[in-house]
Amino acid sequence: MAGATTLHLGGDQATRFESRAATRETPLVKWLILGTALSFFTIFLLMPLIAVFIEALRKGWETYATALIDPDALSALRLTLLAAVIALPLNLVFGVCAAWAIAKFEFRGKHFLITLIDLPFSVSPVIAGLIYVLVFGAQGWFGPWLSEHDVKIIFAVPGIVLATVFVTFPFIARELIPLMQAQGKEEEEAAIVLGANGLQTFWHVTLPNIKWGLLYGVILTNARAMGEFGAVSVVSGHIRGETNTLPLHVEILYNEYQFAAAFAVASLLALLALVTLGIKTWVEHRAAVAYRNSQDDAS
Amino acid sequence: MSATKTFRVLPGFNLTLGYTLGYLSLIVLIPLAAVFLKTAELSLDEFWNVVTAPRVLASYKLSFGMSLLAAAINAVFGLMLAWALVRYSFPGKKLIDALVDLPFALPTAVAGISLTALYAKNGWFGQYLDPLGIQVAFKPLGVLVALVFIGLPFVVRTVQPILEDLDTELEEAATSLGARRWQAFRHVILPILFPALLTGFALAFARAVGEYGSVIFIAGNIPMVSEITPLMIITKLEQYDYAGATAIATVMLLLSFILLLIINGLQAWTAKRTGRDR
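Listed in order, the protein sequences are those of chains A and B. Take 1 as the starting number for the first sequence in the UniProt record's numbering and just add one per residue. Take 1 as the starting number for the second sequence in the UniProt record's numbering and just add one per residue.
Next up, the structure:
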């Protein structure tokens, strides 16, 4: 499922196609395709993005600022950051481990394992929340034991963190596996033969090779962790000031017809998305440069 | 295990694979198993009654129908957009290329309220569509709009790299053999792109079926008309009907697993057809 989200290193090659008669359309066809594609892009992607910011500022800067410094909004922001800060390192360690085992060794069932790692991508976010309710909820497997020991997971912060971990589970692993497979294991084997230990090899040989993919996986994980709605909504219980994340806060404000405030908080999340896309573009650019340099060195 | 121990130069195999399997089981596999175990508490009759209740059936029809339609729309326009991004130069291209991923990065709730603002009766687009008798928000059409939004990058991003790697020689050969431009596209380019296009379609469909956040705001959630299947799970949960919610989740999970197998097969086909590793 991750095929669509992985880093790709295509430079701009339009001139290659446009300079040759055989790969060029007549101007009419070209403008028709370009016009249709860009109209579709504008209507379905660009306008929703622009609408967020304009609706947010519809009632002026004062309303905007008030919505953002509202104590409930701030506590939602804190919880959102907390969930991301916990989910990120957990999935980072997992992603690196999984990629190391899968890319550097041969074993049976490898493809099946990759499919299993992809599972959270193809599970509806609502089901991602439901499974933890079934395990830790009041009527769940551990429900009675947990309530006896006064531990709250569902409708509390741990449930939100768990749901966040689940929905962001595959991102880093899926980014690193193809990258590390493409790089082979000769460099690492050379380092080991020359006397480096495992950690040194990873730190000095593997990491420099995968750093851009790793960074991309981290920002994708972060964006999804901060923006998750469905899964978190199921396990949160929507207690204002306690178990509300930013996306849930947007929903509450919206359902209370506080549209300007809802869009103000939403604009924060939209900014996060834009920053994510900016970093992604930059990382792709850096990775492409590094790739070209390594090709030049090789030739 | 084999009697001869294979010699491995690199360290850490047992540690990393063990950790991977442990973490995978703890976070994903065991909780997912809970769905099937909980469903098993229902008798077959009870299960069947829950998953074929009229309101639930209407939700399948809406979720699957609109997801298919949205994926088809994205296949057509996503291919055009990928084509424009690879083959033409135009101002603002880099920016547009970067923004194609917006639905991946934008939280679904934000997309949901924004689309509703655009398509509501007095909204940006809605005020012009309403006099024409076209109502989008709070109707099945609204579900379609949201699903088109979230599915678009899947098609563009699976087709784009294949288009970039395409050899110009193939088209040149077709042209020099007398093929018209359209024939070269239809008989030379499209067959190469087809597996990737189908993969993008399947990915967009799979994502659309499970989508929740961006849909519920614009759908209006009217029983029998604009309720999606994930919402039925939430509705059952809010009534503390855990068994009912889980039964519907089982149906959706089984479908997801089948789709996942199909997508893996399609990706292997793409790799074979184009000689690329995925």
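Using N, Cα and C, we set each Cβ at its ideal position, and we do this for glycine too.
Residue of the options minimising C-alpha distance to residue i
| i | options | result |
| --- | --- | --- |
| A/Glu25 | B/Arg8, B/Asn14, B/Tyr88 | B/Tyr88 |
| B/Leu141 | B/Thr116, B/Pro161, B/Leu193 | B/Thr116 |
| B/Ala249 | B/Tyr240, B/Leu260, B/Ile258, B/Ile234 | B/Ile234 |
| B/Ile189 | B/Leu198, B/Leu152, B/Gly200, B/Ala174 | B/Ala174 |
| A/Leu46 | B/Glu41, B/Leu129, B/Ile150, B/Pro223 | B/Ile150 |
| B/Val28 | A/Thr15, A/Ala14, A/Leu119 | A/Leu119 |
| B/Ile73 | B/Asn122, B/Ala109, B/Pro153 | B/Pro153 |
| A/Thr115 | B/Ile258, B/Trp48, B/Ile30 | B/Ile258 |
| A/Arg16 | B/Leu95, B/Glu169, B/Val209 | B/Glu169 |
| A/Glu175 | A/Gly217, A/Pro247, A/Ala287, A/Tyr291 | A/Gly217 |
| B/Ala106 | A/Asp296, A/Ala287, A/Gly278, A/Ala261 | Checking the displayed sequence, the identity of residue 106 of chain B turns out to be Leu instead of Ala. Of A/Asp296, A/Ala287, A/Gly278, A/Ala261, the residue nearest in Cα terms is A/Gly278. |
| B/Ile96 | B/Gly78, B/Pro223, B/Asn264 | B/Gly78 |
| A/Phe263 | A/Lys110, A/Ala67, A/Leu28 | A/Ala67 |
| B/Trp124 | A/Leu90, A/Pro48, A/Leu194 | A/Pro48 |
| A/Glu55 | A/Tyr291, A/Val135, A/Tyr254 | A/Tyr254 |
Beta carbon proximity, residue i to chain A, threshold 8 Å
| i | result |
| --- | --- |
| B/Trp83 | yes |
| B/Ala3 | Reliability fails at B/Ala3, whose pLDDT of 44 lies under 50, so the model's placement of it is uncertain and the value that follows must be treated cautiously. It does not: the Cβ of B/Ala3 has no partner Cβ on chain A nearer than 8 Å. |
| B/Ala75 | no |
| B/Asp241 | no |
| B/Ile113 | yes |
| B/Ser89 | yes |
| B/Pro107 | yes |
| B/Tyr128 | no |
| B/Ala208 | no |
| B/Phe205 | no |
| B/Met80 | yes |
| B/Pro31 | yes |
Residue i at chain B interface by Cβ criterion, 8 Å
| i | result |
| --- | --- |
| A/Gly124 | For the record, residue 124 of chain A in the displayed sequence is Ser; it is not Gly. So yes, A/Ser124 belongs to the interface. |
| A/Trp61 | no |
| A/Lys280 | yes |
| A/Leu194 | no |
| A/Leu77 | no |
| A/Gly198 | yes |
| A/Pro247 | yes |
| A/Glu18 | yes |
| A/Tyr254 | yes |
| A/Glu187 | no |
Residue i, enclosing alpha helix (DSSP H) - first and last residue
| i | result |
| --- | --- |
| B/Met224 | Careful: B/Met224 lies outside any alpha helix (DSSP H) and carries neither H nor E. |
| A/Asn209 | 207 to 227 |
| B/Phe149 | 140 to 165 |
| B/Tyr88 | Counting along the chain, B/Tyr88 falls outside any alpha helix (DSSP H), and DSSP gives it neither H nor E. |
| A/Phe121 | 110 to 122 |
| A/Glu18 | 14 to 18 |
| B/Asp45 | 44 to 51 |
| B/Gln127 | 126 to 129 |
| B/Leu32 | 30 to 40 |
| B/Gly244 | 242 to 274 |
| B/Thr16 | 13 to 24 |
| A/Asn91 | 71 to 104 |
| A/His249 | 246 to 255 |
| B/Thr199 | 190 to 210 |
| B/Ala179 | It is not in any alpha helix (DSSP H) - B/Ala179 carries neither H nor E in the DSSP assignment. |
| A/Ala128 | 125 to 136 |
| B/Gly112 | 108 to 119 |
| B/Val215 | 213 to 219 |
| B/Gln239 | Unbroken run through B/Gln239: none, as it is neither H nor E. |
| A/Trp31 | 27 to 41 |
Nonlocal neighbours in the same chain, by C-beta distance under 6 Å from residue i, ignoring five residues either side
| i | result |
| --- | --- |
| A/Val205 | Glu187, Glu188, Ala191 |
| B/Leu81 | Val156 |
| A/Trp212 | Val283, Arg286, Ala287 |
| A/Asn209 | Gln183 |
Cβ neighbours of residue i in the same chain (closer than 7 Å, five flanking residues each side left out)
| i | result |
| --- | --- |
| B/Val251 | Val51 |
| B/Asp277 | Unreliable positioning characterises B/Asp277 in this predicted model, as indicated by a pLDDT of 47, which lies under 50. A coordinate reading is not provided. |
Chain-order list of residues whose beta-carbon lies under 8 Å from that of residue i (same chain, five-residue window excluded)
| i | result |
| --- | --- |
| B/Ser59 | Glu227, Ile228, Thr229, Leu231, Met232 |
| B/Gly112 | Ala146, Gly213, Ser214, Val215, Ile216, Phe217, Ile218 |
| A/Phe94 | Phe169, Ile172, Ala173 |
| B/Pro11 | none |
Exercise for the section: Give, in chain order, every residue of the region 11 to 27 of chain B whose Cβ lies closer than 7 Å to some Cβ of chain A. Expected result: Pro11, Gly12, Phe13, Thr16, Leu17, Tyr19, Thr20, Tyr23, Leu24, Ile27
Members of the region 183 to 198 of chain B near chain A, C-beta cut-off 7 Å: none
Open item on the list: To be precise: take each residue of the region 262 to 273 of chain B, compare its Cβ to all Cβ atoms of chain A, and keep it if any distance is under 7 Å. Which residues remain?
Closed with: Ile263, Asn264, Gln267
Listed from N- to C-terminal order along the chain, which residues in the region 224 to 236 of chain A have their beta-carbon within a distance smaller than 9 Å of any beta-carbon of chain B?
-> Arg224, Met226, Gly227, Glu228, Phe229, Gly230, Ala231, Ser233, Val234
Practice task
For the region 144 to 158 of chain A, enumerate the residues whose C-beta is nearer than 7 Å to any C-beta of chain B, in chain order.
Solution key: none
With 7 Å as the limit, tell me which residues of the region 41 to 65 of chain B have their beta carbon closer than that to any beta carbon of chain A; keep them in chain order. none
Select from the region 70 to 100 of chain A all residues with a C-beta closer than 7 Å to any C-beta belonging to chain B, and list them in chain order. Phe94, Cys97, Ala98, Trp100
| said: Against chain B, which members of the region 130 to 144 of chain A pass a CB distance test of less than 8 Å? | reply: Leu130, Ile131, Tyr132, Val133, Leu134, Val135, Gly137, Gln139, Gly140, Trp141
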